[in-house]
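What follows is one structure encoded as structure tokens, with my remarks underneath.
Residue numbers (the UniProt record's numbering): 1 to 307.
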């Protein structure tokens, strides 16, 4: 019997904090890009967070299991995680934080499409296909609308590729030995690979600019300790204790927070076409990932009406 609970005020509060942190990360990276290159900042935060996760595993007496073979898909996941943040870091050089967060959170669409063809039990329903079409329409509107603003086509495309890489990461985790591995061990694979590979990319791309201003150091602390370490531990704790379908649906507050924070803190313009497209994307992703939750709501509503 599943012991996980429906959402309560504690879970909703934690999810609000989690989504706020993730929505803020693009804004913080964008705001400090003049003092530290985004790719270098993402590499350094990954390295710091990897040390924190490793120390936490040691404190919890959790061993790093390599004999089970999980390190092989772990390498693949690490490379995909690196690609995600390489694309995101480059995207933030050309487009707004608001655009980047919306296109990054198209990842469930890519995950659902891949799993539909790879896993027989993950076939898409009619409602999920409708969500995918809705999200694709939103992407087209946000990309091709006449209101360009700061969201250049190249930057938006890179952010979309980051979402695709995130989706591919989820697929590998779901279809490999990592599905049975510790969440902290999987996160550690990703962080170590991202540190090594993103640092290499920063060297190759000549993006080593780093002025250790108070704002940059605060950004690194926030990215490393709050986002990569604390926020993801909260996320894994919520998934262990609460119904996953409910938790995942609430996670789509993140792009809403990201758009609002970008407009407020960075004074980014919000074009009508982008806003309309973003709402379509979010609605489509909710249909894809929250199908079970939506059906349960409908069943309860129908049941009440019948009574």
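Ideal placement from N, C-alpha and C gives every residue a C-beta, glycine not left out.
Computed from a predicted structure; not experimentally measured.
Within a Cβ cutoff of 6 Å, which residues of the same chain sit near residue 149, ignoring the five residues on either side of it in sequence? Taking the first residue of the chain shown as 1, we reach residue 149 at position 149. At residue 149 the pLDDT is 49, less than 50, meaning the model places this residue with poor confidence; the figure from the coordinates comes in the next sentence. When the five nearest sequence neighbours on each side are left out, the beta carbons in the same chain lying within less than 6 Å of the beta carbon of residue 149 are those of 269, 271, in order along the chain.
Going residue by residue through the region 184-221, where are the continuous alpha helix (DSSP H) segments of at least 4 residues, counting only ones entirely within it? Annotation: the region 184-221 contains the following complete segments of the alpha helix (DSSP H) (minimum length 4 residues), in chain order: 214-221.
Do you know whose CA, among 9, 8, 15, 5, lies nearest residue 230's CA? Position 230 of the chain shown holds residue 230. Comparing Cα positions, the closest option is 15.
Bridge partner(s) assigned by DSSP for residue 242: As a working note, residue 242 is residue 242 in the chain shown. Residue pairing from DSSP places residue 242 in a beta bridge opposite 5.
From residue 1 to residue 173, what does the alpha carbon distance come to, in whole angstroms? Residue numbering aside, residue 1 sits at position 1 when the chain shown is read from its first letter. Residue numbering aside, residue 173 sits at position 173 when the chain shown is read from its first letter. With a pLDDT of only 47 at residue 1, under the threshold of 50, the placement of this residue in the model should not be trusted; the figure read from the coordinates follows. The straight-line gap from Cα to Cα measures roughly 24 Å.
Hey, how far is the Cα of residue 157 from the Cα of residue 100? Locating residue 157 in the chain shown gives position 157, counting from the first residue. Locating residue 100 in the chain shown gives position 100, counting from the first residue. C-alpha of residue 157 to C-alpha of residue 100: approximately 9 Å in a straight line.
Unbroken alpha helix (DSSP H) run spanning residue 72, endpoints: Position 72 of the chain shown, counted from the start, is the residue given in the question as residue 72. Element bounds for residue 72: 71-94.
Measure how close the beta-carbons of residue 287 and residue 127 come, nearest whole angstrom, since I'm counting them as under 8 Å. On the chain shown, residue 287 is found 287 positions in, with the first residue counted as 1. On the chain shown, residue 127 is found 127 positions in, with the first residue counted as 1. Right, their Cβ atoms sit about 6 Å apart.
CA-CA distance, residue 84 and residue 280? In the chain shown, residue 84 corresponds to position 84, counting from 1. In the chain shown, residue 280 corresponds to position 280, counting from 1. A direct Cα-Cα distance of roughly 23 Å separates residue 84 from residue 280.
Return the CA-CA distance between residue 66 and residue 192, expressed in angstroms with no decimal places. For the purposes of this step, residue 66 is identified with residue 66 of the chain shown, where counting begins at 1. For the purposes of this step, residue 192 is identified with residue 192 of the chain shown, where counting begins at 1. Cα to Cα, residue 66 sits roughly 15 Å from residue 192.
Between which two residues does the alpha helix (DSSP H) holding residue 255 run? The sequence position of residue 255 within the chain shown is 255, counting from 1. Where residue 255 is concerned, the enclosing alpha helix (DSSP H) stretches over 253-265.
Boundaries (first-last residue) of the alpha helix (DSSP H) holding residue 56: For the purposes of this step, residue 56 is taken as residue 56 along the chain shown, with counting starting at 1. Counting along the chain, the alpha helix (DSSP H) containing residue 56 begins and ends at 38-59.
Please classify residue 119: does DSSP put it in a helix, a strand, or coil? For the purposes of this step, residue 119 is taken as the residue at position 119 of the chain shown. In the three-state DSSP reduction, residue 119 falls in the coil class, being neither helix nor strand.
Compare the Cα-Cα distances from residue 32 to each of 175, 204, 47, 217 and report the closest residue. Counting from one through the chain shown, the residue named residue 32 turns up at place 32. Among 175, 204, 47, 217, the Cα nearest to that of residue 32 belongs to 217.
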